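**Q** So that you can map any letter, position 37 of the sequence shown is 37 in full-length UniProt numbering, and since no number is skipped, the others follow by simple counting.
I have a structure I would like to understand better, so I am pasting it below and will then ask my questions one at a time.
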Amino acid sequence: MGKMEKIQMQPGFHDAILALIKEKFAGSSDQDKLCVIAFDEIHLKARLAYQRSDDIIEGFADHGPLGRSNACADHALVMMVRGITKHWKQPLGFFLSAGTTKATVQQQLLVQCIRRVTEAGLTVLATTCDMGTNNQVT
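Okay, here's the thing in structure tokens:
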């Protein structure tokens with residue numbers, strides 16, 4: 001089993017993934033460290049499920065570092081980093097919301113994402129997303 005397969009995925013940013021990125025690019029040239037952050041939101045079927053291994057109920061709105069609520073999530077916001085000069089991409093985290101993620105929350109998560117990617121040693125040159133209403137505000 002590879003390093004990535006051992007990472008347990010929960011809503012929020014995944015520090016283990018960022019640590020692997022930092023390790024992978026430690027000896028890379030500045031040009032190879034150029035990247036773009038992409039984010040997109042998808043609609044989900046709202047449902048709750050008990051996760052026995054972690055003793056939690058999944059399916060609630062959860063914005064990772066910004067908190068969790070008791071509303072059933074029906075949207076997922078995914079943030080990903082992509083190389084510019086090298087062909088690679090890696091999801092960094094996902095966030096669950098009831099309804100579309102508010103622009104103010106998206107903005108806070110995007111700022112945190114840029115900071116975390118920069119701390120991992122990469123250089124973020126741009127962000128990209130579709131033209132959803134909240135994305136235009138962000």
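All residues carry an ideal CB built from backbone N, CA and C; glycine is no exception.
All of these numbers come straight from a predicted model, not from anything done at the bench.
Using the rule of at least 16 other Cβ atoms within 10 Å of the residue's Cβ for burial, across every protein chain shown, is Met79 buried or exposed?
**A** Within the sequence shown, the letter at position 79 stands for residue 79. It counts as buried.
**Q** Are the Cβ atoms of Val81 and Leu125 separated by less than 8 Å?
**A** Within the sequence shown, numbered from 1, the residue matching residue 81 stands at position 81. Within the sequence shown, numbered from 1, the residue matching residue 125 stands at position 125. Not closer than 8 Å, so no.
**Q** Please report the straight-line C-alpha distance between Arg68 and Gly59, rounded to a whole angstrom.
**A** The residue labelled residue 68 in the question sits at position 68 within the sequence shown. The residue labelled residue 59 in the question sits at position 59 within the sequence shown. Cα to Cα, the separation comes out at about 10 Å.
**Q** Using only the alpha-carbon positions, how far apart do Thr127 and Phe39 sit?
**A** The count along the sequence shown starts at 1 and reaches residue 127 at position 127. The count along the sequence shown starts at 1 and reaches residue 39 at position 39. Taking the straight line from one Cα to the other gives about 8 Å.
**Q** Mind checking who Cys72 pairs with in its DSSP beta bridge?
**A** As a working note, residue 72 is residue 72 in the sequence shown. According to DSSP, which records beta bridges pairwise, Cys72 is partnered with Phe60.
**Q** With C-beta atoms as the reference, is Thr104 less than 8 Å away from Phe95?
**A** Your numbering for residue 104 matches position 104 in the sequence shown. Your numbering for residue 95 matches position 95 in the sequence shown. Cβ distance not < 8 Å, so Thr104 and Phe95 don't count as in contact.
**Q** Could you work out which residue in Leu77, His43 and Ile84 is closest to Gly93 when comparing CA atoms only?
**A** For the purposes of this step, residue 93 is taken as residue 93 along the sequence shown, with counting starting at 1. That would be Leu77, whose Cα lies nearest to the Cα of Gly93.
**Q** Would a check of beta-carbon distances place Ile21 closer than 8 Å to chain B?
**A** No chain B is part of this structure, which consists of one protein chain only.
**Q** Leaving aside the five residues before and after Ser53 along the sequence, list all residues of the same chain whose C-beta is less than 7 Å from its C-beta, in chain order.
**A** Within the sequence shown, residue 53 is the residue found at index 53, counting from 1. For Ser53, where only same-chain residues beyond five positions count, there are no Cβ hits under 7 Å.
**Q** Give the C-beta separation of His75 and Ile37 to the nearest angstrom, bearing in mind that I take them to be a contact with Cβ-Cβ under 8 Å.
**A** Along the sequence shown, one-based indexing puts residue 75 at 75. Along the sequence shown, one-based indexing puts residue 37 at 37. Actually they are not in contact, since the Cβ atoms of His75 and Ile37 sit about 19 Å apart, beyond 8 Å.
**Q** When burial is assigned at 16 or more other CB atoms within 10 Å of the CB, is residue 139 buried or exposed?
**A** Lying outside 1 to 138, the shown extent of the chain, residue 139 is not represented and no answer is given.
**Q** Just verifying my parser: in three-state terms, what is the DSSP assignment at Met1?
**A** On the sequence shown, position 1 is the one that residue 1 refers to. Since pLDDT at Met1 reaches only 44, below the 50 mark, its modelled position is unreliable, and the value read off the structure follows with that caveat. Correct three-state label for Met1: coil.
**Q** In chain order, what residues of the same chain lie with their CB nearer than 8 Å to the CB of Ile57, ignoring the 5 residues before and after it?
**A** Residue mapping note: residue 57 aligns to position 57 of the sequence shown, counting from 1. Excluding sequence neighbours, Ile57 sits near Leu48, Ala49, Tyr50 and Gln51.
**Q** What does the alpha-carbon distance come out to for the pair Cys35 and Ala98?
**A** Counting from 1 along the sequence shown, the entry for residue 35 is found at position 35. Counting from 1 along the sequence shown, the entry for residue 98 is found at position 98. Cys35 and Ala98: Cα-Cα distance of roughly 30 Å.
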